[in-house]
């Protein structure tokens, strides 16, 4: 059995060495490349005020976070949840140092001592060189519906990244048990921003398969399930 955890965090800023802290952790579990219902999601009181720049990104303010648990109260349960799983993170160089900092403040092992990490930003740059590889850009390129992402949110972003990762690694069929939906590439559209159509055509090798009515209905049902009300 292969267990993977798609993980994202939100923080008060960019540098834990300057007092920035984690305010949200969202995780989606995949077993043998199938998304399960065993997610992990928590908001965290950062024990400091929220800079307006960070608030504008994720919308998590001081009043909302005031009664949330401290990291010290959830750190062990988080570590137990991810223990031994392969972590899938977009721009892991940001999230991992924050997590390790918080865990070490508690005297707990670094998350990287228990788990291997796949950085989907590095993977995307290898697959789509000279193109934008933000989560939003990848959703557009791979046909993942991110219309509900008005602000960053750790759990929603993990749900989107799980779909993106399965598509990037050729496993869209793992989203559903009964059929294999199509992989429709839009790489040429974004490639023209950075390079010629001829170059993009050389790097786009996927065959376009069109979905049946039943496949489209199942896909829409899955999107409705994971989209916040």
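Residue numbers (UniProt numbering): 1 to 229. C-beta: ideal position from N, C-alpha, C; glycine also. Since the structure is predicted, the reported quantities are computational estimates derived from the model, not experimental observations.
Check, Outcome
"Between the CA atoms of residue 88 and residue 195 - distance to the nearest angstrom", "Only weak support is given to the placement of residue 195: the predicted model assigns it a pLDDT of 38, under 50, and the value that follows is read from those uncertain coordinates. Roughly 29 Å separates the two Cα atoms."
"Nearest to residue 125 (by Cα), restricted to the options 117, 90, 16", "90"
"Inside the region 95-150 only - alpha helix (DSSP H) runs reaching at least 4 residues", "120-127, 135-142"
"Straight-line Cα distance separating residue 47 from residue 165", "34 Å"
"Bounding residues of the alpha helix (DSSP H) (the contiguous stretch that carries residue 64)", "62-65"
"Span of the alpha helix (DSSP H), counted from its first residue to its last, around residue 160", "154-168"
"Whole-number beta carbon distance between residue 162 and residue 28, since they are thought to touch under 8 Å", "5 Å"
"Pairwise C-alpha distance: residue 72 and residue 104", "10 Å"
"Sequence ranges, alpha helix (DSSP H) only - wholly within the region 38-64, length at least 4", "52-58"
"Beta-ladder partner(s) of residue 233, from DSSP", "No statement about residue 233 is possible, as the shown extent of the chain runs from 1 to 229 and does not include it."
"Which residues DSSP lists as bridging residue 25, in chain order", "9, 42"
"Under 7 Å between C-beta atoms of residue 2 and residue 37", "no"
"Residue of 65, 56, 59, 95 minimising C-alpha distance to residue 42", "65"
"Beta-carbon proximity list for residue 4, same chain, < 7 Å, skipping 5 on both sides", "30, 85, 86, 88"
"Top-ranked residue by Cα proximity to residue 108, from 138, 75, 119, 15", "75"
"Paired residues, beta bridge with residue 35 - DSSP", "30"
"Proximity of residue 68 and residue 44 at Cβ, strictly below 7 Å", "yes"
"Member of 129, 157, 153 whose CA lies at the smallest distance from the CA of residue 139", "157"
"Identity of the residue in 35, 6, 62, 34 nearest residue 12 by Cα", "62"
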